[in-house]
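Using my numbering, the first residue of the sequence shown is number 2, and each one after it goes up by one. Beta carbons are placed, not taken as given, at the ideal position from N, Cα and C, and that holds for glycine. Because the structure is a prediction, the values reported are computed rather than measured. One structure is given here, and the rest of the page talks about it.
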Amino acid sequence: MGPQAPIGPYRIDRRLATGGMAEVFVARREGPHGFTKRVALKRILPQYAGDPDFVAMFIDEAKVAARLEHPNVVQVFDFGEHSGSLFLAMELVEGTNVNRLMRAAAGRGDMIPLDTALYVAAEVAQALGYAHRLQDDDGKPIGFVHRDVSPANVLLTATGHVKLSDFGIAKVAAQSRHTEDGHVRGKLGYMSPEQVLGKPIDGRSDVFTLATVLAEMLVGEPLFGSGSELDILIRIRDVDLTVLERSERRIPKDIKKIIVRGLARDPEQRPTAPVFADALAEIRRRRGMGHGAERLASLLQRMNLSARDYSKPSDVPGKITALMDTSSLSTEAENLVQGMSPTSPAIYRVRMADGKVVGPISFPRLVQLVTSGRIHRDTTISKEGASFGPATELPELTRFITSPALTWHLEDLARADRRGEMSAARLVPIVYQIMRDRETGVLHLWDERRRKKIYFVEGEPEFVASTDRSELLGEYLVAHGHCLRMEVEMALALLPRYGGRLGDALVGLGVLRPVELFRAITQQVRARLIEAFRWREGRWAFARDARSHEETFPLEQAGFEVLRDAVIAADLTELESGLSPYWEEPLTFPTRPRSRVEDFRLPAQWTRLLASIEPPTTVGAFLADVATRSADELELAYRVIFLAITCEILVYDRHR
């Protein structure tokens with residue numbers, strides 16, 4: 002029968018592949034009103050259609066395959082017979098497979114990225130775990146084993162999702178190595194030691210072959226080498242891991258540990274597929290490896306293995322939650338990853354401006370160096386032992402390197418419109434002027450050991466950045482009891498997954514609810530702002546029209562209320578120093594005030610003291626009067642008159 006002849010109700014578009022005992026076509030089934038469904042149609046090769054044993058096993062396996070309903074398993078839609086030959090209609094996975102991906106990477110002299118290899122293996126492990134637990138209608142375990150977990154059977158969709166195929170006749174295919182020229186060869190290198198020895202097998206045989214595939218994705222060559230069939234079988238039997246040990250690519254210890262456990266010669270020493278899946282997911286979580294599907298789709302596109310553009314992120318419902326839910330880890334999985342750091346791994350080295358190399362350090366520490374101004378765009382960084390390259394080449398640093406608010410370039414100060422020296426209580430009138438004139442821009446503050454930037458939009462403070470480690474969001478949340486240190490460390494490990502945003506990671510982990518995060522960040526921004534008013538020395542500069550371009554959370558208070566609270570928090574000696582120039586100057590209330598008392602929302606006691614001022618008066622006279630009436634109110638009087646003068650509620654009486 003020609004390749005274009007129909008098979009049952011299916012019209013054949015083209016042959017997709019031919020294996021030892023079956024061939025696969027791209028086919029479509031058409032129905033009324035223009036309905037059409039494209040499928041992958043697998044048919045027994047004619048020369049085996051009359052083999053009763055093979056046919057019986059094909060039928061049994063087809064029934065089992067039809068039971069499999071899992072997002073990482075190729076679905077079976079139909080089963081039938083045409084012209085004496087059985088066929089299966091399955092989900093058509095448009096994309097490629099791991100075998101082609103490895104070949105494409107090797108052809109370009111590249112390696113499959115670590116996070117992508119772990120993602121693919123974890124998805125396959127989930128599929129195997131599901132299949133191994135499959136039960137019949139009576140609730141009894143079927144004891145299903147895939148028996149052919151090989152790179153060619155791990156399908157990769159153009160959208161970056163992973164599908165395990167060939168559940169149908171894998172048992173039979175693995176028992177034969179029929180290799181006619183031009184056909185896909187049998188999976189000789191993807192057998193477990195017990196398969197080689199002809200011993201009974203269970204699901205842990207699949208774990209061995211999956212660990213083999215994972216190792217090969219990381220080392221870029223066959224794990225058990227090449228050569229004669231006998232040589233390969235002996236290396237599998239003996240679990241010869243020479244290729245893994247001598248690989249030029251450094252595989253991190255935590256990942257290598259899991260691979261070696263999966264490749265244990267004794268099946269009893271291997272983890273089950275669900276435990277293997279949990280362990281891989283936990284490693285990915287601890288390393289902050291997120292967006293697996295998006296990263297894989299982007300890689301396939303770069304390798305010219307995807308005809309469509311899937312570079313834009315797309316959320317996969319349930320995936321992120323499942324990956325981060327450490328409470329669902331089994332005891333076995335916890336044992337498998339025990340001893341590993343619960344925080345982001347130290348995999349970065351930084352060459353500082355003086356040539357000194359710092360590291361290895363973790364990603365959160367790397368971010369601290371960026372946000373504290375010690376790392377710039379041109380700083381060179383090495384990741385996981387690779388050569389040093391510009392910080393701009395690390396995607397996980399993009400947000401921090403490109404954000405105006407989170408980088409600290411001295412050239413930014415050159416664009417300032419006005420500048421000056423900081424002194425005790427000097428910041429209040431500076432900020433008041435910005436608020437009064439409804440200016441948009443950034444106020445730079447700095448001294449020899451720290452820097453701070455306060456962004457304003459039409460006079461209202463919008464965002465505050467600081468190089469002070471104690472003012473980082475994580476430190477603030479721990480210090481104020483919003484979450485535990487351990488929870489912050491877990492979220493820090495996930496920063497790359499959430500675009501470098503710690504708050505989003507904490508919400509994703511379920512540590513904080515969105516409303517709680519909103520309130521906490523609002524309070525943190527306010528605390529950063531209030532702290533700036535405590536500076537007693539340094540320099541300041543204001544640049545108009547600069548924007549932070551960061552996600553912002555509006556303060557619960559208007560700007561003038563922040564000034565009130567800054568004066569409340571100020572040290573009394575600072576206020577005395579700020580008032581000294583006005584001590585003997587006559588003051589009065591302006592006829593056309595530039596700010597309204599109501600905007601400051603003053604406490605009743607403040608309002609009463611302010612109302613007791615009888616112009617013309619001086620600072621000295623007012624404070625002396627308060628001291629004679631109520632010594633207990635003297636400190637409060639300092640704060641009231643300081644706010645009134647610096648915010649133009651009181652002004653110098655030029656007519657006297």
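Query raised in the report: Counting contacts by CB-CB distance shorter than 8 Å, is Arg-527 in contact with chain C?
Result: No chain C appears in the structure shown, which is made up of a single protein chain.
Query - Close-in-space but distant-in-sequence residues of the same chain around Ser-315 (CB under 6 Å, 5 per side omitted) - result: Translated into the one-based positions of the sequence shown, residue 315 becomes position 314. Note that Ser-315 has pLDDT 34, beneath the 50 cutoff, so the model's placement of it is unreliable and the number below is only indicative. Excluding positions up to five away in sequence, the list is empty.
Query raised in the report: Starting from Ser-383 and walking both ways along the beta strand (DSSP E), at which residues does that stretch end?
Result: Here residue 383 corresponds to residue number 382 of the sequence shown, with the count starting at 1. Going by DSSP, Ser-383 is part of the beta strand (DSSP E) stretching over 381 to 384.
Report task. Answer yes or no: do Val-99 and Leu-157 have a C-beta to C-beta separation smaller than 8 Å? Result -> As a first step, residue 99 is located in the sequence shown; it is residue number 98 there, counting from the start. As a first step, residue 157 is located in the sequence shown; it is residue number 156 there, counting from the start. Going by C-beta atoms, Val-99 is nearer than 8 Å to Leu-157.
Query raised in the report: Is Ala-392 buried or exposed, if buried means 16 or more other CB atoms sit within 10 Å of its CB?
Result: Here residue 392 corresponds to residue number 391 of the sequence shown, with the count starting at 1. Burial call: buried.
Query raised in the report: With C-beta atoms as the reference, is Leu-198 less than 8 Å away from Val-150?
Result: Walking along the sequence shown from the start, residue 198 turns up at place 197. Walking along the sequence shown from the start, residue 150 turns up at place 149. Not in contact: Leu-198 and Val-150 (Cβ atoms no closer than 8 Å).
Query - Cutoff 8 Å; reference Arg-250; Cβ partners in own chain excluding five residues on either side - result: What you label residue 250 is simply residue 249 of the sequence shown in a count that begins at 1. Around Arg-250: Met-112, Leu-219, Val-220, Gly-221.
Query - Local conformation of Thr-523 per DSSP, three classes - result: As a working note, residue 523 is residue 522 in the sequence shown. If DSSP states are grouped into helix, strand and coil, Thr-523 belongs with the helices.
Query raised in the report: DSSP beta-bridge partners for Met-423?
Result: For the purposes of this step, residue 423 is taken as the residue at position 422 of the sequence shown. Bridge partners of Met-423: Gly-539.
Query - Expected contact under 8 Å - CB spacing of Phe-623 and Ile-642 to nearest Å - result: What you label residue 623 is simply residue 622 of the sequence shown in a count that begins at 1. What you label residue 642 is simply residue 641 of the sequence shown in a count that begins at 1. That belief holds up - the Cβ atoms of Phe-623 and Ile-642 are roughly 6 Å apart, short of 8 Å.
Query raised in the report: From this set, Leu-102, Asp-239, Gly-51, Leu-297, which residue's C-alpha is nearest Glu-217's C-alpha?
Result: Position 216 of the sequence shown holds residue 217. When only C-alpha atoms are compared, the closest one is Leu-102.
**Report entry** Distance, Gly-96 Cα to Glu-70 Cα
**Finding:** Along the sequence shown, one-based indexing puts residue 70 at 69. Along the sequence shown, one-based indexing puts residue 96 at 95. About 20 Å.
**Report entry** 6 Å Cβ shell around Tyr-456 - same chain, five flanking residues per side excluded
**Finding:** Within the sequence shown, residue 456 is the residue found at index 455, counting from 1. The answer, listed in chain order, is Val-443, Glu-463, Phe-464, Ser-549.
**Report entry** Val-27 Cβ short of 7 Å to the ligand MN heavy atom set
**Finding:** With respect to small molecules bound, the structure shown includes none, and the ligand MN cannot be examined in it.
Query raised in the report: Roughly how many angstroms separate the alpha carbons of Asp-658 and Ile-431, rounded to a whole number?
Result: Residue 658 lies beyond the residue range present for the chain, which begins at 2 and ends at 657; the question has no answer from this structure.
Query raised in the report: Helix, strand or coil: how does DSSP classify Gly-360 here?
Result: Stepping through the sequence shown from its first residue, residue 360 is reached at position 359. The answer is strand: DSSP assigns Gly-360 an E or B state.
Requested in this report: Please state if the CB of Ala-126 and the CB of Leu-281 are separated by a distance shorter than 8 Å.
Outcome: Residue 281 sits at position 280 when you count from the first residue of the sequence shown. Residue 126 sits at position 125 when you count from the first residue of the sequence shown. Yes, they are a contact pair.
Query raised in the report: Arg-602: buried (16+ other C-beta within 10 angstroms of its C-beta) or exposed?
Result: As a first step, residue 602 must be located in the sequence shown, where it is residue number 601. Under this definition Arg-602 is an exposed residue.
Requested in this report: May I have the straight-line CA-CA distance separating Thr-117 from Glu-24, to the nearest angstrom?
Outcome: Taking the first residue of the sequence shown as position 1, residue 117 is located at position 116. Taking the first residue of the sequence shown as position 1, residue 24 is located at position 23. Those two C-alpha atoms are separated by around 30 Å.
Query raised in the report: On the three-state DSSP scale, how would you describe Ser-86?
Result: Position 85 of the sequence shown, counted from the start, is the residue given in the question as residue 86. If DSSP states are grouped into helix, strand and coil, Ser-86 belongs with the strands.
Query - Spatially closest choice to Glu-422 from Glu-440, Asp-448, Ala-406, by CA coordinates - result: Counting from one through the sequence shown, the residue named residue 422 turns up at place 421. Comparing Cα positions, the closest option is Asp-448.
**Report entry** Proximity winner among Asp-54, Cys-484, Tyr-49, relative to Leu-510 (alpha-carbon distances)
**Finding:** Against the sequence shown, residue 510 aligns to sequence position 509. Ranking the options by Cα distance to Leu-510, first place goes to Cys-484.
Query raised in the report: Thinking C-beta only, is Val-244 closer than 8 Å to Arg-266?
Result: Position 265 of the sequence shown holds residue 266. Position 243 of the sequence shown holds residue 244. Contact: no.
**Report entry** Three-state class that DSSP yields for Ile-45 in the structure shown
**Finding:** Residue 45 sits at position 44 when you count from the first residue of the sequence shown. Strand.
Query raised in the report: Counting Cβ pairs, one atom from each stretch, are 3 or more of them under 8 Å apart for the region 563 to 575 and the region 468 to 479?
Result: Touching, no.
Query raised in the report: Any idea what DSSP makes of Trp-447, helix, strand or coil?
Result: Here residue 447 refers to the residue found at position 446 when the sequence shown is read from its first residue. Residue state, collapsed to three classes: strand.
Report task. Check each candidate in Gly-356, Tyr-349, Leu-407, Arg-375 and name the one with the smallest Cα separation from Ser-383. Result -> As a working note, residue 383 is residue 382 in the sequence shown. The candidate whose alpha carbon is nearest that of Ser-383 is Tyr-349.
Query - beta strand (DSSP E) segment containing Val-668, residue limits - result: For residue 668 there is no data in the structure shown, the boundaries of the chain being 2 and 657.
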